[in-house]
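Here the protein sequences come in this chain order: L and E.
So that you can map any letter, position 15 of the first sequence is 81 in this note's numbering, and since no number is skipped, the others follow by simple counting.
So that you can map any letter, position 19 of the second sequence is 33 in this note's numbering, and since no number is skipped, the others follow by simple counting.
Comments concern the structure below.
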Amino acid sequence: MMGTHKHTWMPCCKDATMLAEKQLQHQRLSLGQRIGLRLHLLFCIFCRRYVMQSRAIDKYLGNQTPQTEITPDESVKLQWETMIAERMKK
Amino acid sequence: MQVEKSPTTVQVSMTTANPTRWVKLYADDLFKFAVAKVADNGLAQDLVQETFLSALQALEQFRAESSEKTWLMAILKNKIIDHFRKSSKVPVTISIEEDKAGDSDPHHFFFNEKGHWRREMAPKAWVSGSSSQQDQVDFFTILRGCMNKLTSIGRKVFDLKYLEEKESADICKDLSISSSNYWVIIHRAKLQLRACLEKNWFSN
Ligand SMILES: [Zn+2]
């Protein structure tokens, strides 16, 4: 439940999401921060969702197609080669 | 019979670009990168083609100290960023208050004075959309629309981070911002992006 912080050292949602963001981007957190974040996530469904969704967003932004190896058509490549050759003549 | 001046050919290939081998050597990697960023094969092809054309026009600017591939890749990244900038007319909506919150204090918009999520801004469970090809394309259109709603600094940081794949330390240096400032910008941009996606895609 939100709004009941039993421990003053537990981060609020604003701080917890910031910590989570740092952790997602491979920034080292102190032990206290890690424990605080863990505890907060244990109690807070909203921040748990935030973390999951933020991770998903990172994935979308970094690599937008989960496709397997994809290469341009040979015909397209040929077209490019011709194009470059043409321009080089000038 | 004349003796060929073979040493010069070695020198040439080391110090100047050699466009005739670009397609063979780099087309696959350039294309793969473009597809990963724009999620659209046809568009990716166009961007790679434009990259080759621009590179040909700027041949004399090519510096031997950078590799041909790095150079072409840099041109492609600029093309992609340009494309995203131009295609900003995606109809995504963000709430008026959020728009107004702009550069002031977006955190205040998401969290109350105690630092808890505001009820109406708290993350909802996302309804996972279907994964058909068409939906995927639509999703990335929305994603780009939401990216374009970010503040300019947030947008800049995200471009450098996710598109140029730069390290945070380098981004701070490039934009002359402190590391704590960097985290505030990332956090804020992520909050805004998340809310925008939830509103425009992951809800019914
Ligand atoms: Zn929370």
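Don't be surprised by glycine CBs; every beta carbon is placed ideally from N, CA and C.
{"Item": "Quick one: residues with CB closer than 6 Å to any heavy atom of ligand 1, in chain order, please.", "Value": "C79/L, A82/L, H106/L, C110/L, F112/L, C113/L"}
{"Item": "Using 7 Å as the limit for Cβ to Cβ distance, is T137/L near chain E?", "Value": "yes"}
{"Item": "Based on the DSSP secondary-structure assignment, which residues constitute the bridge partners of W131/E?", "Value": "F125/E"}
{"Item": "Got a sec: is the Cβ-Cβ distance from F98/E to anything in chain L below 7 Å?", "Value": "no"}
{"Item": "Apply the 10 Å Cβ neighbour rule to L73/E and answer buried if 16 or more other Cβ atoms are within range, or exposed otherwise.", "Value": "exposed"}
{"Item": "Do L205/E and F124/E have their C-beta atoms closer together than 7 Å?", "Value": "yes"}
{"Item": "Is it the case that the Cβ atoms of M76/L and G102/L are separated by a distance below 7 Å?", "Value": "yes"}
{"Item": "Can you tell me the Cα-Cα spacing of H130/E and K80/L, whole angstroms?", "Value": "6 Å"}
{"Item": "For ligand 2, any of its heavy atoms closer than 6 Å to the Cβ of K125/L?", "Value": "Annotation note on ligand 2: not contained in the displayed structure, which lists ligand 1 as its ligands."}
{"Item": "Could you give the distance in angstroms between the alpha-carbon of V49/E and the alpha-carbon of D139/L?", "Value": "13 Å"}
{"Item": "Is L95/L helix, strand or coil by DSSP?", "Value": "coil"}
{"Item": "So for L164/E, helix, strand or coil by DSSP?", "Value": "coil"}
{"Item": "Does L70/E come within less than 7 Å of chain L when only Cβ atoms are used?", "Value": "yes"}
{"Item": "Can you name the residues of chain L whose CB is closer than 7 Å to the CB of L157/E?", "Value": "Y126"}
{"Item": "For T83/L, does the count of other Cβ atoms within 10 angstroms reach 16, so buried, or fall short, so exposed?", "Value": "buried"}
{"Item": "Between which two residues does the alpha helix (DSSP H) holding V142/L run?", "Value": "140-155"}
{"Item": "Once you ignore the five residues that flank T30/E on each side, which residues in its own chain have a CB closer than 6 Å to its CB?", "Value": "none"}
{"Item": "Using 10 angstroms around the beta-carbon of K175/E, count the other beta-carbons present and answer buried if the total reaches 16, otherwise exposed.", "Value": "buried"}
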